[in-house]
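Quick notes on the structure that follows.
Numbering (UniProt numbering), first residue to last: 1 to 257.
Dropping the structure here:
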């Protein structure tokens with residue numbers, strides 16, 4: 001009986017992992033997967049499904065808990081490994097439709113003689129996207145996870161002043177701790193810059209989309225700033241211009257209209 005319960009628990013974790021990878025709602029476990037298993041047991045195997053189904057918990061809360069446990073396990077393993085090995089890091093900030101700014105950090109390292117790339121963290125930038133703010137987020141995470149800065153051998157980012165600024169950019173802050181750091185301008189971002197000059201018509205079309213999207217986003221962002229200031233006078237956000245948008249995605253949306 002104990003072996004059967006262990007198998008059911010393992011199946012619950014494996015199915016939760018599949019749900020997470022598919023990006024489907026967690027309720028799909030109860031609403032679709034369990035009924036599908038029941039139908040297979042009754043129709044194909046001609047076995048009573050009750051005993052099997054009761055050993056595979058797949059409620060909404062259970063699936064969420066399983067996914068949280070597995071992600072915490074992966075993060076813990078990754079951070080523990082980065083404490084003792086050299087790695088490269090890539091950072092980028094991305095603005096969501098609600099004007100929430102996320103900082104994404106990816107790491108690349110060697111494990112078992114193979115190169116691996118993993119998402120290290122996803123953090124919200126609460127005040128601004130200045131180089132110092134980005135550095136503070138990374139510093140807080142490294143301190144919390146006990147990852148030494150000296151294990152970083154290179155960093156990749158786009159060419160924004162917040163990243164590559166000579167005095168106040170994120171990389172300038174990082175180089176004060178790691179003088180021999182190798183800074184790399186993201187290849188994909190360079191390709192995007194080159195693409196601007198490939199076709200005047202394409203560039204004009206993309207620029208039209210960027211201007212239209214920014215015109216929509218500016219009032220929303222200013223309203224967001226006003227709400228923040230009214231809620232907490234000490235929490236001041238400075239609007240310094242429109243951040244870059246995902247031009248290709250927006251251009252595709254416009255072109256399909």
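Here a beta-carbon is modelled for each residue, glycine too, at the ideal position from N, C-alpha and C. Treat the numbers as computed from the prediction; the structure is a model and nothing was measured.
Is the separation between the beta-carbon of residue i and that of residue j shorter than 8 Å?
i, j, result
"residue 157", "residue 90", "yes"
"residue 133", "residue 88", "no"
"residue 104", "residue 125", "no"
"residue 12", "residue 56", "yes"
"residue 171", "residue 149", "no"
"residue 49", "residue 42", "yes"
"residue 147", "residue 198", "no"
"residue 30", "residue 60", "yes"
"residue 33", "residue 58", "yes"
"residue 107", "residue 118", "yes"
What three-state label does DSSP hand residue i in the structure shown?
i, result
"residue 146", "coil"
"residue 160", "coil"
"residue 78", "helix"
"residue 137", "helix"
"residue 101", "strand"
"residue 229", "Since pLDDT at residue 229 reaches only 44, below the 50 mark, its modelled position is unreliable, and the value read off the structure follows with that caveat. Helix."
"residue 62", "helix"
"residue 90", "strand"
"residue 176", "coil"
"residue 95", "strand"
"residue 166", "coil"
"residue 234", "Confidence at residue 234 is low in this model, with a pLDDT of 38, below 50, so the placement of that residue is unreliable and no value is reported for it."
"residue 199", "coil"
"residue 16", "helix"
"residue 154", "strand"
"residue 6", "helix"
Going along the chain, which residues of its own chain have a beta-carbon closer than 6 Å to the beta-carbon of residue i, five neighbours each way excluded?
i, result
"residue 39", "none"
"residue 168", "131"
"residue 138", "none"
"residue 66", "13, 16"
"residue 145", "79"
Would the C-beta of residue i count as close to the ligand FMN, meaning under 7 Å from any of its heavy atoms?
i, result
"residue 205", "This structure simply doesn't include the ligand FMN, nor any ligand for that matter."
May I ask which residues mark the beginning and end of the beta strand (DSSP E) holding residue i?
i, result
"residue 118", "114 to 124"
"residue 56", "Looking at the DSSP string, residue 56 is not in any beta strand (DSSP E), and its letter there is neither H nor E."
"residue 185", "182 to 185"
Which residues in the same chain as residue i place their Cβ atom closer than 8 Å to its Cβ, once the five residues preceding and following it in sequence are excluded?
i, result
"residue 226", "For residue 226, the pLDDT reaches just 49, beneath the cut-off of 50, and the residue's location in the model is therefore unreliable, leaving the point undetermined."
"residue 5", "55"
Assuming residue i contacts residue j (C-beta within less than 8 Å), just tell me the rounded distance between them.
i, j, result
"residue 53", "residue 37", "7 Å"
"residue 116", "residue 64", "Between residue 64 and residue 116 the Cβ distance is about 27 Å, and since that is not below 8 Å, they are no contact."
Can you give me the start and stop residues for the alpha helix (DSSP H) that residue i sits inside?
i, result
"residue 37", "34 to 43"
"residue 53", "50 to 53"
CB-CB under 7 Å to residue i, same chain, minus the five flanking residues each way: which ones, in chain order?
i, result
"residue 161", "169"
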